[in-house]
Structures are given as structure tokens and as C-alpha cells.
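Enquirer: Here it is, the structure in full.
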Amino acid sequence: MDRKIINVFDVVGGKAAVSTEDGGRLFEKINAFLEKDFEVVLDFANIETLITTFLNTAIGQLYSKYDSPFLQKHLRVNNLAQEDKERMIKTIERAKEYFKDKDNLENDIQEAFGDE
Amino acid sequence: MFADCCGYLMLKIQLPHRIDSDHQGFASLADIYQKVKPCQFETIQLDFQNTTWFDANMLAMLGAIVESAWTNDFEMVNLKPAQEKIFKKTRYSYFGGESLPDRYQTTVEYRKYKVYDIGSFEKYLEKKLLTRSEIPAMSILLKKRIKESILEIFDNARTHGKCEFIFSCGQYYPRKERLDFTIVDIGRTIRKNVRDYKQENISGKEALDWAVKENTTTRKDNIPGGLGFTLIRDFLCQNGGKIQIASADGYWYEKEDISHSHDLGVFFGGTAVNLEFNVNDQSSYYLASEIKDTEIPF
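Residue numbers (the numbering used here), protein chains in the order written: chain W, 701 to 816; chain E, 18 to 315.
Structure follows, in C-alpha cells:
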């Protein structure tokens, strides 16, 4: 599998990963390489501020397209500050739960329409 | 309402005795919002004759209210010299950016930001809030958590408030060793967002009770939400801080893990969030055990 290292500092243009727009840009980059079956390594070197709105858009959104086994195989992080790892893990847990609930809701709606 | 010497309509609003960062303070300012809302091309006098105390951080809400009625001319009259001094220390925009030296550096400048400008807002927090020698030495991680909490609220206002500007102002209270920071938007209220999402005609208080629950979000797109607020609550609980929210006709606060919601008593057409941080916090915010990069469970 080919490997692509994405430098988060370079994507956001600084040490603060805080905007939804930057999160969206990172999502697009990750997605482009995952679609080509690359292994993607996210390098968080020199990122000092990281908030969930950025992570939800960049990482959480990936679960709308890929399942956990696929991402476990294709996605890695490097140099993520120790205190930000908990935030990353919670973002991932929340994303899995969110899309499970969303799928359930959509199934319920489909079933409801099916009954009519 | 009366006509001034030139025949223009003038509305005079008497401010209350005190504006504190509490339920009554938010309600008093929401009352001003209600009074100025119908006015257009008028002169509105804010009379501070009876006002002996105004928490500087609450200028964020006053600034947002004045902006929401921007076709009018506002005059602040009978401001006590000490009060005017504090307002100028915050560079409150009413004074056209005029500022006074803040010898003890207890105020955090009043600012109005365009919603997409979170990058500049982040730099402002770094410069005006977190690198000040007057605030007791806070650990790097405590500063980081404070900054992240404020940025989460800013982005939340942008995402859910659908507004143009976000207003902020802060005040450090040395004796209490507390830092209060208020962020306000005039946009879609939390009640409106929750009503639209749940398709239920609930009150502002009920909407806040729903919105603050863990992992709830009114988003319906492919971007998960509802986590940031949970992290802020967890952090403030550990820090011994406090959070208050006033939106539509609801008010909610949490301190020391105990939360309460109330009717605000008057409608406010936006959302005001006040975060109070304990700056003398000796907690360690390090994780109990180290997590390796390869242990992130995608």
C-alpha cells in the first residue's frame, strides 16, 4: 500500500487547528488519498491548539464514508500531543456513535415509508 | 419615548443598579434588547445614573445588543468616572477604540469578530488573555484548556447561531482569582435550533436542558457534533469554574457539577455564554497514562 504523509501544520497554515474550514480542507485531502487506497499518516507536529469542531470535520466526517476496520488499516497519526489524544479518541467514539444513530434513524424512516 | 430639540425621537433606557454576570444581569440586558429592537433611526440614551456596578465582561452582550439595533444612535450618559475608565480599558467600541492604560491588566479587550475569523480570535486570546503576567502563573495545560473552551464556544456560535459577528470581552477578578469571559452572538437562538430539530414547541429553558446533554446536536449533516460542549463542562467541573448560557427565554448554569435551568423572564434574540475560570487551579491536566500514536482506535 502506498503511503502519504499529510502535515497538518501545512494544511492549516499555523499552529492552531481550530476552524471548520481548515478541518474541511484536511478531510478533502485525507479522502482523496483514501479513495486511491493509500495509507494516510497525519502528522500533527507543532500543532498546539486543537478543538473538536476541527476534528469533527476532518476526522469525524470520515466515518460517513468509511467504516472503522478500513480506517484502522489506512489511517495513522504522528506527533499528536499527549493531551490531545484523549480529544481525538473521543471524537472518533462520537463519530462512530453519531453515524450509527444516523443510520438507525434513516432505517427507521425507510421502514416507516415502507409500511405506508 | 420623547422628541429631542431637533424633533428626532429619543428613547431613554435606565440601566439597573448592577449588571453582574448572573441570571439577573443577563435578564436586565435582554430587557434592553427588547426595548431597542423595534427602534429604527432613533437616538437611544442608555442612562447609567443608577448603575454602580457593571461587570466588564458583560460589555460583550451590551455591544451585541447595540449592534443589533445599528440604525440607531446610542448615547451612554451619566456613566460614573470609574465605570467609564473600565469601559475604556476594555477599548469598548462605543468610545471609538479609545483606550486607557490598564495598569493592573485586569480587563480582556472587548472585540467584535466576523464569524469566519476564528484564526484572528485565536491570536487575540493568545495575546490578550493567556500571556499576561498579572494572572497567576497557570500551567501550560490549564491555559490550553481555557483557550480551547473559548474557541469551542466561538465556533459553536458560528455553526449554530448563523450570525454575522461574535462579541467577546473578559475581566479578571484578582481577589476571587477568577477570569470571566463572555461570548455573544445575535443569531438563531438555541430554542429555535432545538425546536426545528425536534419539531416541538418547547421553551428556551427546555431547549437548553436538551442542548447541554452529552452528545446532543442539532446537526443533521455528515459532520458529527455535540462533543465540544461536553468537554467544556468536564473541564470546568475539574477546574472549579462555572458556565452560564442565556438564549431566547432560557437561562442555564452549571457550577461544581450542579446545573440549573430557569426562565430568563424576557426574550433575548441571540445566545450569550459566560465562562468563569478558576485561575488558581493546581490540577494536573495530564492523562493518567500515556497513549501511543498507534493506539488511536480508528
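We put the beta carbon where it would ideally sit given N, CA and C, even for glycine.
Going by alpha carbons, who is nearest to I705/W out of Y798/W, R787/W, L742/W and I792/W?
Expert: It is L742/W.
Enquirer: Within its chain, find whatever has a CB closer than 6 Å to the CB of D784/W; leave out the 5 residues flanking it on each side and keep chain order.
Expert: Same-chain partners within the cutoff: L750.
Enquirer: Run through DSSP, which three-state label would H34/E get?
Expert: Of the three classes helix, strand and coil, the one that applies to H34/E here is coil, per DSSP.
Enquirer: Within 10 Å of its beta-carbon, does V94/E have 16 or more other beta-carbons around it, so buried, or fewer, so exposed?
Expert: Looking at its Cβ environment, which holds fewer than 16 other Cβ atoms inside 10 Å, V94/E is exposed.
Enquirer: Where G257/E and F294/E are concerned, what is the direct C-alpha to C-alpha distance, given to the nearest angstrom?
Expert: Answer to the nearest angstrom: the Cα atoms are 7 Å apart.
Enquirer: Any Cβ of chain E within less than 8 Å of the Cβ of L734/W?
Expert: It does not; no Cβ of chain E falls within 8 Å.
Enquirer: Taking DSSP's pairing of strands, which residues face H177/E in a bridge?
Expert: For H177/E, which the question treats as bridged, DSSP gives no partner whatsoever.
Enquirer: Could you check the C-alpha separation between F43/E and T757/W for me, to the nearest Å?
Expert: Straight-line Cα distance between these residues: approximately 33 Å.
Enquirer: Where do the N-terminal and C-terminal ends of the beta strand (DSSP E) with D722/W fall, by residue?
Expert: That residue, D722/W, is in no beta strand (DSSP E); its alpha helix (DSSP H) goes T720 to E735.
Enquirer: I think R794/W touches P55/E, with their Cβ atoms under 8 Å apart; what is that distance to the nearest whole Å?
Expert: Not a contact, Cβ separation roughly 42 Å.
Enquirer: Let's see if you can read the secondary structure: which residues bound the alpha helix (DSSP H) around M93/E?
Expert: Note, M93/E: premise wrong, no alpha helix (DSSP H); beta strand (DSSP E) at D90 to V94.
Enquirer: I want to know whether the segment 51-68 of chain E touches the segment 153-166 of chain E - three or more CB-CB distances under 8 Å.
Expert: Result no; under three Cβ-Cβ pairs closer than 8 Å.
Enquirer: Along the chain, where does the beta strand (DSSP E) containing A289/E start, and where does it finish?
Expert: I275 to N295 is the span of the beta strand (DSSP E), which, as asked, contains A289/E.
Enquirer: Do you know offhand how far D310/E's Cα is from A745/W's?
Expert: Their backbone Cα atoms lie some 12 Å apart in a straight line.
Enquirer: May I have the straight-line CA-CA distance separating L281/E from T68/E, to the nearest angstrom?
Expert: Whole-angstrom Cα-Cα distance: 21 Å.
Enquirer: Opposite E217/E in the DSSP bridges: which residues?
Expert: DSSP output for E217/E lists no bridge partner at all.
Enquirer: Does DSSP put E816/W in a helix, in a strand, or in coil?
Expert: Confidence is the limiting factor: at E816/W the pLDDT is only 46, short of 50, which leaves the residue's position unreliable and the question unanswerable from this model.
Enquirer: Going by beta carbon distance, what residues of the same chain come within less than 7 Å of V712/W, once the five residues before and after it are set aside?
Expert: Correct list, in chain order: D722.
Enquirer: Could you run through the segment 159-182 of chain E and flag, in chain order, every residue whose CB is less than 8 Å away from some CB of chain W?
Expert: Here the close residues are K161, K164, E165, L168, E169, D172, N173, R175 and T176.
Enquirer: Kindly indicate which three-state DSSP category Q51/E falls into: helix, strand or coil?
Expert: Helix.
Enquirer: So, are the CB atoms of A174/E and I200/E less than 8 Å apart?
Expert: Yes, the Cβ-Cβ distance between A174/E and I200/E is below 8 Å.
Enquirer: Any idea if K230/E is buried or exposed, counting beta-carbon neighbours within 10 angstroms, 16 or more meaning buried?
Expert: K230/E is exposed by the Cβ-count criterion.
Enquirer: Within the 8 Å Cβ cut-off, does N239/E reach chain W?
Expert: Chain W, which has a Cβ nearer than 8 Å to the Cβ of N239/E, makes this yes.
Enquirer: For W10/E, name the three-state secondary structure that DSSP assigns.
Expert: Nothing about residue 10/E can be reported from this structure: the residues present for chain E run from 18 to 315 only.
Enquirer: Confirm, please, whether the CB-CB distance from L28/E to L79/E is below 8 Å.
Expert: Going by C-beta atoms, L79/E is not nearer than 8 Å to L28/E.
Enquirer: From N239/E to T247/E, what does the alpha carbon distance come to, in whole angstroms?
Expert: Distance between the alpha carbons of N239/E and T247/E is about 20 Å.
Enquirer: Beta-carbon separation of V171/E and I183/E under 8 Å?
Expert: In the sequence under discussion, the amino acid at residue 171/E is Phe, which differs from the Val named in the question. Yes, they are a contact pair.
Enquirer: Leaving out the 5 sequence neighbours to the left and right, which residues in its chain are closer than 7 Å to L146/E when beta-carbon positions are compared?
Expert: Only V125 and G187 meet the Cβ criterion.
Enquirer: If we call anything under 8 Å between Cβ atoms a contact, is T123/E one with P191/E?
Expert: Their beta carbons are under 8 Å apart, which means T123/E touches P191/E by this criterion.
Enquirer: DSSP has Y190/E in a bridge; who is on the other side?
Expert: Bridge partners of Y190/E: R195/E.
Enquirer: Pull up the CB-CB distance for A73/E and T107/E, whole angstroms please, since I reckon it's below 8 Å.
Expert: The Cβ separation is near 5 Å, so the contact holds.
Enquirer: Whole angstroms are fine: how far does the CA of N778/W sit from the CA of D815/W?
Expert: Residue placement at D815/W cannot be trusted, given a pLDDT of 49 that sits under 50; what the coordinates show is reported in the next sentence. Whole-angstrom Cα-Cα distance: 49 Å.
Enquirer: Could you pull out every residue in the same chain whose Cβ sits closer than 8 Å to the Cβ of D266/E, ignoring the five residues on either side in sequence?
Expert: Cβ neighbours of D266/E beyond the five flanking positions: R208, S220, G221, K222, D280, L281, G282, V283, F284 and F285.
Enquirer: Would you list the residues sitting across from K272/E in a DSSP beta bridge?
Expert: K259/E and I275/E.
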